[in-house]
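Protein sequences appear in the order of chains A and B.
The number in the numbering used here is simply the position in the first sequence, starting from 1, with 46 added.
The number in the numbering used here is simply the position in the second sequence, starting from 1, with 359 added.
Even for Gly, the Cβ is constructed at its ideal location relative to N, Cα and C.
Structure first, then comments.
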Amino acid sequence: MNLEGKKVTLHDMSLRDGMHPQRHQLTTEQMVEVATALDAAGVPLIEVTHGDGLGGASVNYGFPAASDEEYLRAVVPKMNDAKISALLIPGIGTVDHLRMAHDCGVHTIRVATHCTEADVSEQHIVLGAKMEMDTVGFLMMAHMIPPEQLLEQAKLMQGYGANCIYITDSAGYMLPDHVTARVGRLRDELDADVEVGFHGHHNMHMGIANSLAALEAGASRVDGSVAGMGAGAGNTPLEVFVAVLHRMGVETGVDMWKLMDVAEEIVYPLMTHKVRADRDSLTLGYAGVYSSFLLHAKRAADKYGLKSTDILIELGRMKTVGGQEDMIEDVALDMKKAGAAE
Amino acid sequence: MTTKVKAAIIGSGNIGTDLLYKALRSETIEPVWMVGIDPESEGLKRAKELGLKTTADGVKGMEPHIADDKVQLAWDATSAYVHQSNNELVKKYGVKMVDLTPAAIGPFCVPPVNLEEMVGRDEQNVNMVTCGGQATIPMVAAVSRVQAVEYGEIIATVSSRSAGPGTRKNIDEFTRTTARGVEVVGGAERGKAIIIINPAEPPLMMRDTIHCLTKDAPKQDEIIESAQRMIAEVQKYVPGYRLKNGPVFDGNRVSFYMLVEGLGDFLPEYAGNLDIMTAAGLRTAELIAEEIQRAEAA
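Quick look at the structure:
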């Protein structure tokens, strides 16, 4: 694979996707410490939000240590070069949250929908573009539909005014060929000035391979997470990806050694959950289940005396989508009843 | 014999069409007009076949006929964006409005909780919150009738096929209006609403999760009894409304996992979100129609 001379914008997820393994309990001080260090290492874009996006604070997803606004007001003014992004999932967050984020100085808004439901993002993408934000459409669980259908959805988001569309492997299910087909289709058919991005999960340890495939197929933005801190087995570990890219002659603008220090000295020590491809995370990837379900399923399994992999497989069989965390206790109760009846 | 009150359905999409089927069975209301904006709309064709007058020119297309056809009641099943102007127009002719969009100009009505409060108030415009609100607010109210609820959160999951373009364009209004309904009608101090659209095939049945955080330790027996009574109330007009799991008591958290099976009037049974909305809209309109009939008899 020859990627020599390619340019890529790397986007760190540790302070948003990484909120999942931290049960949304990162403090504003920790957010500032990590973001400042990432900024110093040359990471150009850093996401800061509740794991489930703006407005995610809830019984369903977990109440965070601080509000989105508190995190953003603490982090944004501390950045020298890095820009801050926020995630917004329509149905959870609203344009009110988007206005708040814009007011906090957020540069990039990423509007996320399930891959078949792009038309719920119209209000939010239109407003983001109108406020001249870097406005990104984020198609989640993109493994569930073929490239042609993804393209239709991507075109909707492009039509609302998004300047970048993401193929999002929320379940860490994709293999490199899946990524190539999807990213390639979007790159061929979307307007030339609309970027294509890729967001991976490391549940099958395909984060690096998939991200390389995305770059080769024409993606110009790639998400990763320092120390891999993200839902499931985490996101593409950013410092590892940077090392690979530098060996391949790809321009990232990131100082690899500094980034390795951030992982080693700041992020690994603060992790409260071991983010790795353990039995449950691997099950997520293998069965194509939303990575954020991981800790919720573990808790339900403990509470009701079930096996967490059984719960996750059932959620996959039911074709649950991102955000359906409320199904987990419901499914566990069903399984417990069924078990008692046997 | 009292004559039925004549009514118009504004909006020929999923909700408007489902409502039409239900309204045709009403003993107090006669649907006479169906208003749409797309001449190719299936909903308008169906309404025409069922003997209604139709227009594809919006409420303006019906305006010249409102007085002659004695339209006294209207449902708006379009979107929050156009509800205000629809309402202004019919209001000039003294038409009472039952608003099925999340525009929320008028007071909220969730029939099993506060329909009786609407009697005698002569409201021109009554709002039906949202489908998710109709399916969940009764359970929040069931808890808050027992003890103080500091926080009420609902998660409504509907199938892609049952979420029409209006719902999709209005997704923010859905979450905002539902959250406010959880507070105002449900009685929670703070409300939060989440909606999920799931494209699985075959389509999944409408599911609703309700989490209440009570101020003090939950009075379990009283909550269970209050919830059972409330479910029975809802089942009077939506027979497929049922508790799938729960209530789960976990510290101060009280959670209900509900399933809403529709009557299958227009969309199949999975679209319980349509049914609970249209059934509640019809129930509310019938109450208003009875008041109109009483006023005319007097």
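field: Straight-line Cα distance separating V288 of chain A from T298 of chain A
entry: A straight line joining the alpha-carbon of T298 of chain A with that of V288 of chain A spans about 7 Å.
task: Find the nearest neighbour of C571 of chain B within the set B:F615, B:L602, B:K429 and B:V485, judged by alpha-carbon distance.
output: Nearest option by C-alpha distance: B:F615.
task: Answer with buried or exposed for V478 of chain B, where buried requires no fewer than 16 other C-beta atoms within 10 angstroms of its C-beta.
output: The residue in question, V478 of chain B, is exposed, as its Cβ has fewer than 16 Cβ neighbours within 10 Å.
task: Return the bridge partner residues of I396 of chain B from the DSSP annotation.
output: In the DSSP assignment, no residue is bridged to I396 of chain B.
task: Could you pull the start and end residues of the beta strand (DSSP E) that D435 of chain B belongs to?
output: V430 to D435 is the span of the beta strand (DSSP E), which, as asked, contains D435 of chain B.
query: From B:C468, B:E447, B:W392 and B:V505, pick the residue whose C-alpha is nearest to that of G540 of chain B; which is it?
result: Of the candidates B:C468, B:E447, B:W392 and B:V505, the one whose C-alpha sits nearest the C-alpha of G540 of chain B is B:C468.
query: Is E679 of chain B helix, strand or coil by DSSP?
result: No answer is possible for residue 679 of chain B: it lies beyond the span of chain B, which begins at 360 and ends at 657.
- prompt: In terms of DSSP beta bridges, what is C468 of chain B paired with?
  reply: DSSP output for C468 of chain B lists no bridge partner at all.
message: Strictly under 9 Å for the Cβ-Cβ distance: is T318 of chain A near chain B by that measure?
response: T318 of chain A does not count as touching chain B.
field: Contact set between the segment 127-145 of chain A and chain B, restricted to residues whose Cβ is under 7 Å from the partner
entry: Correct list: P136, G137, I138, T140 and V141.
message: Give me the chain B residues within the contact set of T162 of chain A, using Cβ-Cβ distance strictly less than 8 Å, ordered along the chain.
response: Residues of chain B passing the Cβ test: S519 and P558.
Cut-off 6 Å between Cβ atoms - residues of its own chain near H319 of chain A, not counting five sequence neighbours on either side: P67, listed in sequence order.
message: Under 9 Å, CB to CB, which of the residues in the segment 104-124 of chain A have a partner in chain B?
response: Of all residues in the segment 104-124 of chain A, S104, V105, N106 and Y107 have a Cβ within less than 9 Å of some Cβ in chain B.
- prompt: Quick one: what does DSSP say Y206 of chain A is sitting in, helix, strand or coil?
  reply: Three-state DSSP puts Y206 of chain A in a helix.
query: Going along chain A in order, which residues have a C-beta closer than 9 Å to the C-beta of N373 of chain B?
result: Neighbours of N373 of chain B on chain A: none; closest Cβ ~15 Å, over 9 Å.
- prompt: For F244 of chain A, which three-state DSSP category applies?
  reply: The three-state reading of DSSP puts F244 of chain A in strand, counting E and B together.
message: Quick check for students: name the residue ranges of the alpha helix (DSSP H) that lie wholly in the segment 322-362 of chain A, counting only runs of 4 or more.
response: Considered as a whole, the segment 322-362 of chain A harbours 325-333 and 339-350 as its complete alpha helix (DSSP H) runs of no fewer than 4 residues, in chain order.
- request: Express the C-alpha separation of C210 of chain A and V121 of chain A in angstroms, rounding to a whole number.
  value: CA-to-CA, the gap between V121 of chain A and C210 of chain A works out to about 24 Å.
Contacts around K528 of chain B, its chain only, beta-carbon distance under 8 Å, and the 5 residues preceding and following it disregarded: Cβ within range, chain order: S438 and Y440.
query: Does DSSP put N604 of chain B in a helix, in a strand, or in coil?
result: If DSSP states are grouped into helix, strand and coil, N604 of chain B belongs with the strands.
query: How would you label M373 of chain A, buried or exposed, when you count the other beta carbons within 10 angstroms and need 16 or more for buried?
result: Answer is buried; the Cβ neighbour count reaches 16.
query: Would you report the Cα separation of M456 of chain B and A522 of chain B, rounded to the nearest angstrom?
result: Approximately 23 Å between the Cα atoms of the pair.
- request: Using a cut-off of 8 Å between C-beta atoms, extract the partners of T413 of chain B located in chain A.
  value: Within chain A, no residue comes near T413 of chain B; the closest Cβ sits about 26 Å away, beyond 8 Å.
- prompt: Taking 9 Å as the CB-CB cut-off, is T214 of chain A touching chain B?
  reply: Not flagged as an interface residue toward chain B: T214 of chain A, since no C-beta distance is shorter than 9 Å.
task: Compute the distance between the beta-carbons of K429 of chain B and K381 of chain B, then report whether it is under 9 Å.
output: Not in contact: K429 of chain B and K381 of chain B (Cβ atoms no closer than 9 Å).
query: E512 of chain B touches chain A at which residues, Cβ-Cβ below 8 Å?
result: Among the residues of chain A, those whose CB is under 8 Å from the CB of E512 of chain B are S104, V105 and N106, following chain order.
field: Beta carbon proximity, T516 of chain B to chain A, threshold 9 Å
entry: Answer yes: the Cβ-Cβ gap between T516 of chain B and chain A drops below 9 Å somewhere.
query: Name the chain B residues whose beta carbon is nearer than 9 Å to that of K365 of chain A?
result: Under the 9 Å cutoff, chain B gives N557, P558, A559, E560 and L563.
message: Considering Cα atoms alone, identify which of B:A462, B:E447, B:L641 and B:A501 is closest to K578 of chain B.
response: In terms of CA proximity to K578 of chain B, B:A501 leads the group B:A462, B:E447, B:L641 and B:A501.
task: Measure from the C-beta of L330 of chain A to each C-beta in chain B and report whether the shortest distance is under 9 Å.
output: Not one chain B Cβ lies under 9 Å of L330 of chain A.
message: Against chain A, with Cβ distances strictly below 9 Å, would T534 of chain B count as a contact?
response: Yes, T534 of chain B counts as interfacial toward chain A.
- prompt: What are the complete alpha helix (DSSP H) segments, minimum 4 residues, inside the segment 145-178 of chain A?
  reply: Assignment of alpha helix (DSSP H) within the segment 145-178 of chain A, counting only whole runs of 4 or more residues, yields 168-176 in chain order.
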